[in-house]
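Enquirer: Here our numbering is used: the first residue of the sequence shown is 873, the next is one more, and so on. Before I ask anything, here is the structure I am working with.
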Amino acid sequence: MKKTVLTLTLAASVLALGACSSAEDKALITSKIGDISVSDFNETAKSLTGSIVLQQMVTDKVLADKYEVTDDEIKEQFDAVKAQFGDSFAQALAASGLTEDSFKESLRVTILQDKALKDQAIKEEDVKKHYEQMKTELNGRHILVEDEATAKEVIEKIKGGASFGDVAKEYSSDTGSVDKGGELGWFSVGAMVDEFNDAAYELELNTLSEPVQSSFGYHVIEITDKRDVKDVGTFEEEEDAIRQSMIGRLTATGEDKVLLRDIIAKMAKEAEFKTSDKDLKPALEYLTTTSEEEAAAAEKAAKEEAEKAEKEDKEDKEEK
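Written out as structure tokens, the structure reads:
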């Protein structure tokens, strides 16, 4: 919660100040050494934080067109942060350049983003699969190795009669289970990385998996027992919590930021945002470009640069 307050952008406060007068030449700040007009402030604010403000405004507009945030939802999050900070809440807001109202506005945008992620980043079929898996707990063991060839070697040894536990102690790099012969004990959906989780839930009892690749390496998995989970509600009762837990996993890996950017980019592109302001045009173009499109453009530019360098090198050789 503290991170939420302290890392908020200045967008809300910049917007509030920039809108304090419709007369562009009216003094916003006065002093003995000269005044600062609304026009001066707006130009400086645009050059310093224009892209940040634009990002918040576009995000707000496209998401608010599709999703609704209630006052109660904002109050719930606001009260939670305020309670955590206690007497230092006002000081924390001031240190972040925020008022209570601008903080609430930032919370509203954050809630909109959360709703978009839960709605668009999580596929319905994945939620349903998670729900079916959460009805069952698994008891299993695994061996973690660096490459697929070693994983296949492990499988051959076990199929050839070697003890799973002995092979795990010889090969596995998982420090948490190696001393237990690879035993993991009971676990439920979401406890393991996605690749491991899905492979484990698809396995028949006492059957070795094929090598399963994850960010940790290659796993050889065996499920030795299964049991039903009590008190699982209906899909309708569990759906929101499932989506929230899946968003939590995306947040933990940082994937949520990329997904949210792509969601907003697609929605902004469909809304046909345009600007004649040359200073803000690059920021708007970025906001309407998905990460996939950006990667493709970067790849194309790199290829063109390599071809140019190759051509120049060829010309230099011909001149010599």
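Cβ atoms here follow ideal geometry from the backbone N, Cα and C, with glycine treated the same way.
I'd like the list of long-range same chain contacts for Ser898, defined as Cβ closer than 6 Å, with 5 residues on each side in sequence excluded.
Expert: Walking along the sequence shown from the start, residue 898 turns up at place 26. The sequence shown places Lys at residue 898, rather than the Ser named in the question. Closer than 6 Å at the Cβ level, and outside the excluded window around Lys898, lie Val910.
Enquirer: Rounded to whole angstroms, what is the Cα-Cα separation between Gly1037 and Leu1016?
Expert: Walking along the sequence shown from the start, residue 1037 turns up at place 165. Walking along the sequence shown from the start, residue 1016 turns up at place 144. Looking at the two C-alpha atoms, the distance is approximately 12 Å.
Enquirer: Would you kindly report the start and end of the unbroken beta strand (DSSP E) that includes Leu1010?
Expert: The residue labelled residue 1010 in the question sits at position 138 within the sequence shown. Taken as a continuous stretch (DSSP letters only), the beta strand (DSSP E) holding Leu1010 covers 1008-1017.
Enquirer: Give the straight-line distance between the Cα atoms of Glu1182 and Thr1161, rounded to the nearest whole angstrom.
Expert: Here the question's residue 1182 lines up with position 310 in the sequence shown. Here the question's residue 1161 lines up with position 289 in the sequence shown. So the alpha carbons of these two residues sit roughly 30 Å apart.
Enquirer: Among the candidates Val1050, Glu1074, Lys987, Glu1018, whose CA atom is the shortest distance from the CA of Gln1005?
Expert: Translated into positions along the sequence shown, residue 1005 becomes position 133. Ranking Val1050, Glu1074, Lys987, Glu1018 by Cα distance to Gln1005 puts Glu1074 first.
Enquirer: Nearest CA to the CA of Glu1018: which residue from Ser1086, Glu1176, Ala1169, Ile905?
Expert: Along the sequence shown, read from residue 1 onward, the residue named residue 1018 stands at position 146. Closest option to Glu1018, Cα to Cα, is Ser1086.
Enquirer: Quick check for students: name the residue ranges of the beta strand (DSSP E) that lie wholly in the stretch 1124-1162, counting only runs of 3 or more.
Expert: DSSP runs (the beta strand (DSSP E)) wholly in the stretch 1124-1162: none.
Enquirer: According to the neighbour-count rule (16 or more other Cβ atoms, all chains shown, within 10 Å of its Cβ), is Glu972 buried or exposed?
Expert: Taking the sequence shown and counting its residues from 1, the one referred to as residue 972 is at position 100. It counts as exposed.
Enquirer: Whose C-beta lies closer than 8 Å to the C-beta of Asp1188 among residues of the same chain, with five residues either side of it excluded?
Expert: Start at 1 with the first residue of the sequence shown, and residue 1188 comes out as number 316. Hits under 8 Å: none found.
Enquirer: Are the beta-carbon atoms belonging to Tyr1003 and Phe1145 less than 8 Å from one another?
Expert: For the purposes of this step, residue 1003 is identified with residue 131 of the sequence shown, where counting begins at 1. For the purposes of this step, residue 1145 is identified with residue 273 of the sequence shown, where counting begins at 1. Not a contact, by the Cβ cut-off of 8 Å.
Enquirer: Anyone know if the C-beta pair for Ala988 and Leu1132 falls short of 8 Å?
Expert: The sequence position of residue 988 within the sequence shown is 116, counting from 1. The sequence position of residue 1132 within the sequence shown is 260, counting from 1. Against a cut-off of 8 Å, the Cβ pair of Leu1132 and Ala988 comes out as a contact.
Enquirer: Pairing CB atoms from the stretch 1133-1153 with CB atoms from the stretch 1031-1051, are three or more of them under 8 Å?
Expert: No, the stretch 1133-1153 does not touch the stretch 1031-1051.
Enquirer: Residues in its own chain within less than 8 Å of Gln1111 by CB, not counting five upstream and five downstream?
Expert: What you label residue 1111 is simply residue 239 of the sequence shown in a count that begins at 1. According to the sequence displayed, residue 1111 carries Glu and not Gln. Only Val999, Tyr1003 meet the Cβ criterion.
Enquirer: Please say whether Glu1171 and Val1101 have beta carbons closer to each other than 8 Å?
Expert: Here residue 1101 refers to the residue found at position 229 of the sequence shown. Here residue 1171 refers to the residue found at position 299 of the sequence shown. Their beta carbons are not under 8 Å apart, which means Val1101 does not touch Glu1171 by this criterion.
Enquirer: So what's Tyr939 in DSSP terms, helix, strand or just coil?
Expert: As a working note, residue 939 is residue 67 in the sequence shown. Coil.
Enquirer: Alpha carbon to alpha carbon, how far is Ile1119 from Gln992? Give it in angstroms, no decimals.
Expert: For the purposes of this step, residue 992 is taken as the residue at position 120 of the sequence shown. For the purposes of this step, residue 1119 is taken as the residue at position 247 of the sequence shown. Their backbone Cα atoms lie some 11 Å apart in a straight line.
Enquirer: What's the C-alpha gap between Met929 and Asp1051?
Expert: One-based indexing of the sequence shown puts residue 929 at position 57. One-based indexing of the sequence shown puts residue 1051 at position 179. Distance between the alpha carbons of Met929 and Asp1051 is about 54 Å.
Enquirer: Measuring only the C-alpha atoms, how far is Asp1066 from Ile1093?
Expert: Within the sequence shown, residue 1066 is the residue found at index 194, counting from 1. Within the sequence shown, residue 1093 is the residue found at index 221, counting from 1. About 14 Å.
Enquirer: What runs of the alpha helix (DSSP H), each 4 residues or longer, lie entirely inside the stretch 1040-1120?
Expert: Listed in chain order, the complete alpha helix (DSSP H) runs (minimum 4 residues) inside the stretch 1040-1120 are 1066-1074.
Enquirer: Taking the straight line between their C-alpha atoms, what separation do you get for Ser978 and Pro1154?
Expert: One-based indexing of the sequence shown puts residue 978 at position 106. One-based indexing of the sequence shown puts residue 1154 at position 282. Roughly 24 Å separates the two Cα atoms.
Enquirer: Going straight from the alpha carbon of Phe961 to that of Lys1007, what length do you get?
Expert: Along the sequence shown, read from residue 1 onward, the residue named residue 961 stands at position 89. Along the sequence shown, read from residue 1 onward, the residue named residue 1007 stands at position 135. Cα to Cα, Phe961 sits roughly 42 Å from Lys1007.
Enquirer: So, Lys990 versus Ile946, is the Cβ gap smaller than 8 Å?
Expert: As a first step, residue 990 must be located in the sequence shown, where it is residue number 118. As a first step, residue 946 must be located in the sequence shown, where it is residue number 74. No, Cβ-Cβ distance for Lys990 and Ile946 is not below 8 Å.
Enquirer: By the 10 Å Cβ neighbour count, where 16 or more other Cβ atoms means buried, how is Arg1013 classified, buried or exposed?
Expert: Translated into positions along the sequence shown, residue 1013 becomes position 141. Buried: at least 16 other Cβ atoms inside 10 Å.
Enquirer: So the candidates are Val1104, Phe1068, Gly1105; which of them puts its Cα closest to the Cα of Ile1095?
Expert: Along the sequence shown, one-based indexing puts residue 1095 at 223. Among Val1104, Phe1068, Gly1105, the Cα nearest to that of Ile1095 is on Phe1068.
Enquirer: What separation, rounded to the nearest whole angstrom, lies between the Cα atoms of Leu920 and Asp1151?
Expert: Taking the sequence shown and counting its residues from 1, one reaches residue 920 at position 48. Taking the sequence shown and counting its residues from 1, one reaches residue 1151 at position 279. Near 11 Å, if we compare the C-alpha coordinates of Asp1151 and Leu920.
Enquirer: Have a look at the DSSP bridge pairing and note the partners of Ile901.
Expert: Mapped onto the sequence shown, residue 901 falls at position 29. Answer is Ile908.
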